[in-house]
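Per full-length UniProt numbering, the very first residue in the sequence shown carries number 7; after that it's consecutive. Note that CB positions come from ideal geometry on N, CA and C, so glycine has one too. One structure is given below, encoded as structure tokens.
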Amino acid sequence: PHPVILDGDPGHDDVVNVLLALASPELNVLGLTTVFGNVGLPRTTRNMLITRELARSNVPVHAGADRPLVDPRISAEAVHGASGLDGPHLPTPTRGVEAEHAVDFIVRTVRTQPRPVTLVPTGPLTNIALALRLAPDIAGNIARIVWMGGSTDTGNWTPAAEFNALADPHAAHIVFTSGVPLTMIGLNASHQAIAHPARVQAFRDLGTPVGEFVAVLLEFFAEHHRERYGWDGGALHDPLTVAWLLRPELFRTRPMPVQIDTSGGPSHGRTVADVWNVTGQPVNADVMTDMDADGFFAFLTERIAAYR
Ligand code: BDR
Ligand code: CA
Numbered sequence: 007p008h009p010v011i012l013d014g015d016p017g018h019d020d021v022v023n024v025l026l027a028l029a030s031p032e033l034n035v036l037g038l039t040t041v042f043g044n045v046g047l048p049r050t051t052r053n054m055l056i057t058r059e060l061a062r063s064n065v066p067v068h069a070g071a072d073r074p075l076v077d078p079r080i081s082a083e084a085v086h087g088a089s090g091l092d093g094p095h096l097p098t099p100t101r102g103v104e105a106e107h108a109v110d111f112i113v114r115t116v117r118t119q120p121r122p123v124t125l126v127p128t129g130p131l132t133n134i135a136l137a138l139r140l141a142p143d144i145a146g147n148i149a150r151i152v153w154m155g156g157s158t159d160t161g162n163w164t165p166a167a168e169f170n171a172l173a174d175p176h177a178a179h180i181v182f183t184s185g186v187p188l189t190m191i192g193l194n195a196s197h198q199a200i201a202h203p204a205r206v207q208a209f210r211d212l213g214t215p216v217g218e219f220v221a222v223l224l225e226f227f228a229e230h231h232r233e234r235y236g237w238d239g240g241a242l243h244d245p246l247t248v249a250w251l252l253r254p255e256l257f258r259t260r261p262m263p264v265q266i267d268t269s270g271g272p273s274h275g276r277t278v279a280d281v282w283n284v285t286g287q288p289v290n291a292d293v294m295t296d297m298d299a300d301g302f303f304a305f306l307t308e309r310i311a312a313y314r
């Protein structure tokens, strides 16, 4: 199985991504690492612990950065609720986090794995950037970074910037200039993956506790999307990362140069994607452009069904 580390800020869609990965025999999930983001680090970490127990997994959870490198911290309680995971009943986790910091865990694990490791961040890129700065040698043993964040067009937190990119643009800059193979799955793609009521019902129809948990998560997640965008469901951003790793044929990506705006101006945090390569800059990212959304939801539902 392919070795991966999932790094995230759960978050409704982060949780679904972790459940997808832990249900997938093609992957060897080496660890789950957390970062500030949708809510503060104590809550994203607690939500990760809850998710691990829901999945009945023993994979270690390591807490990471509680703030961005340079900017003040932002958060998204308006989307995910005060807990970061409002909606379902949240049990108290019985097992805690490891003592080792997420960044140390990433460095140690990538260094010692015989096979190159894929990093799958679905939040701000702070932990990944810190790991690359602390131990530049690990770049050679990272197979790829598959990130949900950014956008080739409009943002969702400012007109120009997507939340994960805006939450730590300087970290994103470090990652996008690292030379590590990179897949960017931004809003231009994830806004094609709407969990509308029929797709939510498919999770509920599994008749399992995990299927029901996912359905309730997605119903809460839909509320913000209904109010803000007038859509009949939430955009299921983060699970596109693991789904792309496992079922690339469901998606289309396009290689292009991407630069991160850290100017502090109105486009601060924008992932400036040179779709037509008008700059002639070297390509540094494979950017998702299109998908078979029905195929994606069918695959996700089939994998969530594995939890009995
Ligand atoms: C991203 O921001 C968070 O709210 C979601 O979990 C996702 O990672 C979408 O902009
Ligand atoms: Ca996220």
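- The criterion of a C-beta distance shorter than 7 Å is not satisfied by G14 and G102.
- Residue burial annotation: E255 is exposed, with fewer than 16 other C-beta atoms found within 10 angstroms of its C-beta.
- Note on the stretch 46–114: whole beta strand (DSSP E) runs with a minimum of 3 residues are 67–69, in chain order.
- Cβ-Cβ distances below 7 Å link W237 to I200, H231 in the same chain, with the five nearest sequence neighbours on each side left out; the list follows chain order.
- Spanning the alpha carbons of T98 and A61 requires a straight line of approximately 14 Å.
- When secondary structure is reduced to three states using DSSP, L193 falls in the helix class.
- Taken from the Cβ of T128, at least one heavy atom of ligand 1 lies inside 6 Å.
- Distance from the C-beta of D92 to the nearest heavy atom of ligand 1 is not below 6 Å.
- Within the DSSP secondary-structure output, H8 pairs in a beta bridge with L33.
- Remark: fewer than three beta-carbon pairs, one from each stretch, lie closer than 8 Å, so the stretch 75–92 and the stretch 120–127 are not flagged as touching.
- Separation of the CB atoms of T277 and I191 is rounded to 11 Å, and the pair is thereby denied contact status at 8 Å.
- The Cβ neighbour count for V45, taken over all protein chains shown within 10 Å, is at least 16; the residue is labelled buried.
- A check of alpha carbon separations from E168 across S157, H176, D174 identifies S157 as the nearest.
- Per the coordinates, the alpha-carbon of E106 lies some 10 Å from the alpha-carbon of P66.
- Of all C-beta pairs linking the stretch 104–118 to the stretch 128–144, three or more are shorter than 8 Å, placing the two stretches in contact.
- Taking 7 Å as the cut-off, the Cβ atoms of H179 and T39 do not count as close.
- If you compare the alpha carbons of I112, D292, L75, T57 with that of A137, the shortest gap goes to I112.
- For P120, no alpha helix (DSSP H) encloses it, and the DSSP letter there is neither H nor E.
- For D174, the shortest C-beta to heavy atom distance toward ligand 2 is 6 Å or greater.
- Under the DSSP assignment, P16 falls outside any beta strand (DSSP E); it carries neither an H nor an E label.
- In this structure the stretch 18–25 touches the stretch 214–223; the number of beta carbon pairs closer than 8 Å is three or more.
- When the Cα atoms are used, G286 and M262 turn out to be separated by approximately 10 Å.
- Relative to ligand 1, the beta carbon of F303 is positioned no closer than 6 Å to any heavy atom.
- When the beta-carbon positions are compared, I11 and G37 come within less than 7 Å of each other.
- Per the coordinates, the alpha-carbon of P7 lies some 5 Å from the alpha-carbon of L33.
- Here the alpha carbon of Y313 sits roughly 34 Å from the alpha carbon of I80.
- Distance from V264 to V293 at the Cβ level is roughly 7 Å; contact confirmed, criterion being Cβ atoms closer than 8 Å.
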